[in-house]
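Trainee:
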Amino acid sequence: MFNNKAREKNISRASDKLSSISFFCPAYHDEKNLPMLIPKVHKFLSNIADIFEIIIIEDGSPDNTGGVADELSLKYSNARVIHHKNNLGYGATLKQGFQESCYEYVMYTDGDYQYDVYEFEPYLNLLYDADIISGYVDNNRKAVSTVRKLQSFLFNTIICVFFVTYVKDINCSLKIYKRHVLDNIIIRSDSAFIDAEMLLRAKKANFVIKYFPVTHYQREAGIANGSKPNVILKTILDMIKFRFGVL
Numbered sequence: 000m001f002n003n004k005a006r007e008k009n010i011s012r013a014s015d016k017l018s019s020i021s022f023f024c025p026a027y028h029d030e031k032n033l034p035m036l037i038p039k040v041h042k043f044l045s046n047i048a049d050i051f052e053i054i055i056i057e058d059g060s061p062d063n064t065g066g067v068a069d070e071l072s073l074k075y076s077n078a079r080v081i082h083h084k085n086n087l088g089y090g091a092t093l094k095q096g097f098q099e100s101c102y103e104y105v106m107y108t109d110g111d112y113q114y115d116v117y118e119f120e121p122y123l124n125l126l127y128d129a130d131i132i133s134g135y136v137d138n139n140r141k142a143v144s145t146v147r148k149l150q151s152f153l154f155n156t157i158i159c160v161f162f163v164t165y166v167k168d169i170n171c172s173l174k175i176y177k178r179h180v181l182d183n184i185i186i187r188s189d190s191a192f193i194d195a196e197m198l199l200r201a202k203k204a205n206f207v208i209k210y211f212p213v214t215h216y217q218r219e220a221g222i223a224n225g226s227k228p229n230v231i232l233k234t235i236l237d238m239i240k241f242r243f244g245v246l
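Take a look at the structure:
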């Protein structure tokens, strides 16, 4: 268990650097996105943390995502790549990212480069009294289709009603967790429900979650998989199992 006073001291002023932070990103069909994302992440982490690592989890992508990730790990000494022989899916990849991360803070975003990690910067001081800081997409800055907006709205509404609680923009993949949160909750989902499961378990354990506004950018390259029927079905099944205590 980590010392609360020590954690708070690390972020007592907005200008202080974090003691250490792990960053990871799931990557699938992202051979053109990673060369834009990883250099920016590396520069950002250099500015905010004394010690950091970058983990790219290449989820069996059929394009050259794996090769590009390997090249980036050679360029940046504190970056490493985990390769999946087969595509395991977003939830399993995200879970592995949390398991592989070893530092005091754990930050993640997706490899599709639809979020800007620099949007964390004005809100890092929220970590002074929050266990998790989570982005939410400002609708005025949401560069996605009407269909995707509707899907996001429906999913968030269903989660809030189904579990009689409030969580904001669950699937926004721009979050930082403190290590002690991850040490005290067990994640069981391997589907896209994992984001919701983590926040719901964190709320149940009385961890403090704070939100900050972010911009969602259009994917510049690659292929999105979140709207595939099998992905949606698995997410719904995990949600039902979690609701009735069998997950």
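Position 153 of the sequence shown, counting from 1, maps to 152 under numbering that gives the first Met the number 0, and the rest follow consecutively.
Idealized CB from N, CA, C, for every residue including glycine.
1) So what does Leu102 bridge to, in DSSP terms?
2) I'd like the ranges of any beta strand (DSSP E) spanning at least 3 consecutive residues and lying wholly in the stretch 38 to 66.
3) Please determine, among Ile37, Val166, Ser151, the residue with the shortest C-alpha to C-alpha distance to Asp109.
4) Whose C-alpha, out of Ser76, Pro34, Phe243, Pro61, is nearest the C-alpha of Tyr161?
5) Relative to the alpha-carbon of Asn63, which residue among His82, Ala78, Thr164, Glu52 has its alpha-carbon at the smallest distance?
6) If Glu99 and Ile54 are in contact, beta carbons under 8 Å, what's the gap, nearest whole angstrom?
7) Using a threshold of 7 Å, is the CB atom of Ser188 nearer than that to any non-hydrogen atom of the ligand FMN?
8) So, with DSSP's three-state summary, where would you put Tyr135?
9) Would the beta-carbon of Val180 fall within 8 Å of that of Ala195?
10) Check the DSSP bridge columns for Phe211 and list the partner residues they point to.
11) Using DSSP with H/G/I as helix, E/B as strand and the rest coil, what is Tyr107?
12) In three-state terms, what does DSSP make of His83?
13) Give a yes or no on contact between the stretch 119 to 128 and the stretch 158 to 178, applying the rule of three or more CB pairs nearer than 8 Å.
14) Got a sec, what are the start and stop residues for the alpha helix (DSSP H) Lys203 sits in?
15) Whole angstroms are fine: how far does the CA of Ala48 sit from the CA of Val105?
16) Please give me, in chain order, every unbroken run of the alpha helix (DSSP H) with length at least 4 that falls completely inside the stretch 161 to 188.
17) Using DSSP with H/G/I as helix, E/B as strand and the rest coil, what is Arg6?
18) Distance check for Ala129 and Val40, CA to CA, integer angstroms please.
19) Would you say Asp58 and Tyr27 are within 8 Å of each other, going by their C-beta atoms?
20) Which of the three DSSP states, helix, strand or coil, is assigned to Leu17?
21) Restricting to Cα atoms, I'd like to know which of Ser19, Ile185, Lys177, Arg187 is closest to Asn77.
22) Can you say whether Thr234 is buried or exposed, counting buried as having 16 or more other CB atoms within 10 angstroms of its CB?
23) What distance in whole Å lies between the Cβ atoms of Gly88 and Ser190, which are believed to be in contact at a cut-off of 8 Å?
24) Pull the bridge partners of Ala26 from the DSSP assignment, please.
25) Going by beta-carbon coordinates alone, are Phe43 and Tyr107 separated by less than 8 Å?
Mentor: Quick look at the numbers:
1) Along the sequence shown, one-based indexing puts residue 102 at 103. Note that residue 102 is Tyr in the sequence shown here, rather than Leu. For Tyr102, which the question treats as bridged, DSSP gives no partner whatsoever.
2) 48 to 57
3) As a first step, residue 109 must be located in the sequence shown, where it is residue number 110. Minimum Cα distance to Asp109 is reached at Ile37.
4) The count along the sequence shown starts at 1 and reaches residue 161 at position 162. Note that residue 161 corresponds to Phe in the displayed sequence, not to Tyr. The option with the nearest alpha carbon to Phe161 is Phe243.
5) Stepping through the sequence shown from its first residue, residue 63 is reached at position 64. The shortest CA-to-CA distance from Asn63 to any of His82, Ala78, Thr164, Glu52 is the one to His82.
6) Numbered from 1 along the sequence shown, position 100 holds the residue referred to as residue 99. Numbered from 1 along the sequence shown, position 55 holds the residue referred to as residue 54. Yes, they are in contact, since the Cβ atoms of Glu99 and Ile54 sit about 6 Å apart, within 8 Å.
7) No copy of the ligand FMN appears in this structure; indeed no ligand is present at all.
8) Reading the sequence shown from its first residue, position 136 is the one you call residue 135. When secondary structure is reduced to three states using DSSP, Tyr135 falls in the strand class.
9) Here residue 180 corresponds to residue number 181 of the sequence shown, with the count starting at 1. Here residue 195 corresponds to residue number 196 of the sequence shown, with the count starting at 1. Contact flag unset, no.
10) Within the sequence shown, numbered from 1, the residue matching residue 211 stands at position 212. Paired residue(s): Gly134.
11) As a position in the sequence shown, residue 107 is number 108, starting the count at 1. Strand at Tyr107.
12) Here the question's residue 83 lines up with position 84 in the sequence shown. Note: His83 maps to coil in three-state DSSP.
13) yes
14) Position 204 of the sequence shown holds residue 203. Per DSSP, Lys203 belongs to the alpha helix (DSSP H) from 193 to 203.
15) In the sequence shown, the residue the question calls residue 105 occupies position 106. In the sequence shown, the residue the question calls residue 48 occupies position 49. Near 12 Å, if we compare the C-alpha coordinates of Ala48 and Val105.
16) Fully enclosed alpha helix (DSSP H) runs of 4 or longer: 178 to 183.
17) Mapped onto the sequence shown, residue 6 falls at position 7. Low confidence applies here, because Arg6 scores a pLDDT of 35, under 50, leaving its location unreliable; read the following figure in that light. When DSSP states are grouped into helix, strand and coil, Arg6 belongs to the helix group.
18) For the purposes of this step, residue 40 is taken as residue 41 along the sequence shown, with counting starting at 1. For the purposes of this step, residue 129 is taken as residue 130 along the sequence shown, with counting starting at 1. One C-alpha to the other measures close to 22 Å.
19) Here residue 58 is taken as the residue at index 59 of the sequence shown, counted from 1. Here residue 27 is taken as the residue at index 28 of the sequence shown, counted from 1. It is a contact, given that the beta carbons lie within the stated cut-off.
20) Locating residue 17 in the sequence shown gives position 18, counting from the first residue. Strand.
21) Taking the sequence shown and counting its residues from 1, the one referred to as residue 77 is at position 78. Checking every option, the nearest Cα to that of Asn77 belongs to Ser19.
22) Position 235 of the sequence shown, counting from 1, holds the residue named residue 234. With 16 or more Cβ atoms within 10 Å of its Cβ, Thr234 is classed as buried.
23) In the sequence shown, residue 190 corresponds to position 191, counting from 1. In the sequence shown, residue 88 corresponds to position 89, counting from 1. With a Cβ gap of about 7 Å, Ser190 and Gly88 count as contacting.
24) Translated into the one-based positions of the sequence shown, residue 26 becomes position 27. Bridge partners of Ala26: Glu57.
25) To locate residue 43, count along the sequence shown from 1; it is residue 44. To locate residue 107, count along the sequence shown from 1; it is residue 108. No, Cβ-Cβ distance for Phe43 and Tyr107 is not below 8 Å.
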